[in-house]
Every structure is written in structure tokens, then in C-alpha cells.
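Trainee: So the sequence shown is residues 72 to 230, counted in the numbering used here. Glycine included, C-beta positions come from ideal geometry on N, C-alpha and C.
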Amino acid sequence: MLTIKANLKVKLFYEDWRGSKRTGVAASAIRYYEEQGLLEPSTRDTNGYRHYGEAAVARLILVRDAQRLGFSLDTIRGLFLEDGSCSKSLTIEQIDIRMDEIRQIEANLALQREGLLRLRQVLEESLRSGAPVVCASVHRAESYRPEQNMITRNALNGR
72 MLTIKANLKV KLFYEDWRGS KRTGVAASAI RYYEEQGLLE PSTRDTNGYR HYGEAAVARL
132 ILVRDAQRLG FSLDTIRGLF LEDGSCSKSL TIEQIDIRMD EIRQIEANLA LQREGLLRLR
192 QVLEESLRSG APVVCASVHR AESYRPEQNM ITRNALNGR
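(1) Out of curiosity, what's the CA-to-CA distance linking Ile-176 and Gln-183?
(2) Using a 10 Å radius around the Cβ and a threshold of 16 neighbouring Cβ atoms, would you call Leu-131 buried or exposed?
(3) Hey, quick one: how far does the alpha helix (DSSP H) through Gln-165 stretch, first residue to last?
(4) Looking only at DSSP bridge pairs, what is Arg-135 linked to?
(5) Do you know whose CA, among Gly-108, Gln-107, Thr-117 and Gly-124, lies nearest Thr-94's CA?
(6) Report yes if the C-beta distance between Leu-161 and Gln-107 is below 8 Å; otherwise report no.
(7) Between the alpha carbons of Leu-187 and Glu-195, how many angstroms are there, rounded?
(8) Since Arg-169 and Phe-142 are thought to touch, with beta carbons under 8 Å apart, how far apart are those beta carbons, to the nearest angstrom?
(9) For Leu-227, collect the residues of the same chain with a Cβ closer than 6 Å to its Cβ; drop the 5 residues on either side in sequence, then sort them by chain order.
(10) Rounded to a whole number of angstroms, what is the C-alpha to C-alpha distance between Leu-133 and Arg-102?
(11) Within this structure, are the beta carbons of Ala-129 and Pro-112 separated by less than 8 Å?
(12) Give me whichever residues DSSP pairs with Arg-115 in a beta bridge.
(13) Measuring alpha carbon to alpha carbon, tell me which residue in His-122, Tyr-104, Arg-115 and Arg-121 is nearest Arg-244.
(14) Who pairs with Phe-142 in a beta bridge, going by DSSP?
(15) Would you tell me roughly how many angstroms separate the C-alpha atoms of Leu-150 and Asp-167, rounded to the nearest one?
(16) So which of Leu-110, Ser-99, Thr-114 and Val-96 has the shortest CA-CA distance to Asp-154?
(17) In the DSSP assignment, find the alpha helix (DSSP H) that holds Ser-99 and state where it starts and stops.
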């Protein structure tokens with residue numbers, strides 16, 4: 072069972088520490104998840120401590136893991152059904168969306184890597200030859216971006 076004090080100064084007792092340690096989630100994050108409607112305490116004492124049962128701890132671990140995979144809290148919130156269970160079909164749908172986002176990020180990173188390698192090559196050639204590097208060299212290094220070249224060519228050709 073996880074216990075968290077409601078006031079701003081969190082004093083973790085042994086059970087709190089053990090629960091926080093078990094889930095790898097800071098007490099402040101647990102309170103934030105509760106504020107965001109992602110987690111509800113099983114019980115709350117008169118002294119302001121919240122107690123979380125095993126189901127809440129499992130949900131907390133799910134929220135933590137989903138966030139580590141790049142899902143926003145809004146997306147994570149949308150995965151839960153009214154009964155508190157997680158929708159498998161919605162989760163699969165969100166996984167596919169996230170995979171598409173990752174593919175786009177990877178494609179953009181590949182373009183950046185290619186541009187950096189080309190710029191490095193231009194600069195190394197300049198060092199070897201002793202020629203001064205000017206902005207045109209940077210432009211030459213950026214010419215790897217086919218979509219940009221097409222836009223530039225179309226603009227020059229009046230399209």
C-alpha cells in the first residue's frame with residue numbers, strides 16, 4: 072500500500088518510500104497524477120494521507136511506463152475506461168500513432184545526420200585545401216534536402 076501526505080511538504084514514511092521505490096515514481100508525481108485524474112487513492116485518512124491499493128499501484132506503473140514510451144498524460148488518460156480498466160483497442164490505436172510519430176522523428180534525424188556529415192565533409196575539404204569556408208559551403212552542405220531543393224527549383228522556374 073502506498074501512502075502520501077496531502078500537504079505540500081511530503082514526508083514519506085517507510086510504507087510511502089517502499090511504494091515510491093517499488094514504482095519508481097516520485098511522491099510529487101503521484102500527487103500530480105491524482106490532480107490530473109489519472110489516479111485515485113483507495114482511502115484518505117483524516118490527517119491527509121492517501122492510501123493506494125494494488126490496483127492503483129498497477130495503474131500508476133502503467134501511467135509511468137506509458138509516459139516513458141512518449142505518450143502524453145492526455146493520451147494516457149484517454150486509454151482508461153469508466154470502470155478504470157485500460158482499453159486494449161484504444162491502446163493499440165495509440166501505439167500505432169506513436170510508432171508513426173517515431174518513424175517521422177527517425178526520418179528527420181536521418182536527414183539531419185546526412186546534412187551534418189555533408190557539412191563536415193565540406194569543412195574537412197576546406198581545411199585540406201586551405202580554401203576559406205563561406206556561407207556557400209553551408210548552403211552546399213544543406214543541398215542534401217531533396218524536398219527543399221525541389222521547392223527552390225520550382226520557385227526559380229516560376230511554379
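Mentor: Straight from the coordinates:
(1) On the sequence shown, position 105 is the one that residue 176 refers to. On the sequence shown, position 112 is the one that residue 183 refers to. Those two C-alpha atoms are separated by around 10 Å.
(2) Within the sequence shown, numbered from 1, the residue matching residue 131 stands at position 60. Result: buried.
(3) For the purposes of this step, residue 165 is identified with residue 94 of the sequence shown, where counting begins at 1. Unbroken alpha helix (DSSP H) run through Gln-165: 159 to 200.
(4) Taking the sequence shown and counting its residues from 1, the one referred to as residue 135 is at position 64. In the DSSP output, where bridge partners are listed per residue, Arg-135 has none listed.
(5) What you label residue 94 is simply residue 23 of the sequence shown in a count that begins at 1. With distances taken between Cα atoms, Thr-94 lies closest to Gly-124.
(6) Start at 1 with the first residue of the sequence shown, and residue 161 comes out as number 90. Start at 1 with the first residue of the sequence shown, and residue 107 comes out as number 36. Against a cut-off of 8 Å, the Cβ pair of Gln-107 and Leu-161 comes out as no contact.
(7) Reading the sequence shown from its first residue, position 116 is the one you call residue 187. Reading the sequence shown from its first residue, position 124 is the one you call residue 195. About 12 Å.
(8) Working through the sequence shown from its first residue, we reach residue 169 at position 98. Working through the sequence shown from its first residue, we reach residue 142 at position 71. Contact check for Arg-169 and Phe-142: beta-carbon distance about 6 Å, within the 8 Å limit, so the pair qualifies.
(9) By one-based count along the sequence shown, residue 227 stands at place 156. Per-residue confidence for Leu-227 stands at a pLDDT of 43, beneath the threshold of 50, marking its modelled position as unreliable; the derived number appears in the next sentence. Nothing listed; no residue qualifies.
(10) Indexing the sequence shown from 1 puts residue 133 at position 62. Indexing the sequence shown from 1 puts residue 102 at position 31. Looking at the two C-alpha atoms, the distance is approximately 16 Å.
(11) Here residue 129 refers to the residue found at position 58 when the sequence shown is read from its first residue. Here residue 112 refers to the residue found at position 41 when the sequence shown is read from its first residue. Cβ distance not < 8 Å, so Ala-129 and Pro-112 don't count as in contact.
(12) Stepping through the sequence shown from its first residue, residue 115 is reached at position 44. The partner list for Arg-115 (beta bridge, DSSP) reads Arg-121.
(13) Residue numbering for the chain in the displayed model covers 72 to 230; residue 244 lies beyond these limits and cannot be assessed.
(14) Position 71 of the sequence shown, counted from the first residue, corresponds to residue 142. Per DSSP, none; premise fails for Phe-142.
(15) Position 79 of the sequence shown holds residue 150. Position 96 of the sequence shown holds residue 167. Distance between the alpha carbons of Leu-150 and Asp-167: 14 Å.
(16) Taking the first residue of the sequence shown as 1, we reach residue 154 at position 83. Looking at the Cα atoms, Leu-110 is the closest of the given residues.
(17) Here residue 99 refers to the residue found at position 28 of the sequence shown. Its alpha helix (DSSP H) spans residues 98 to 106.
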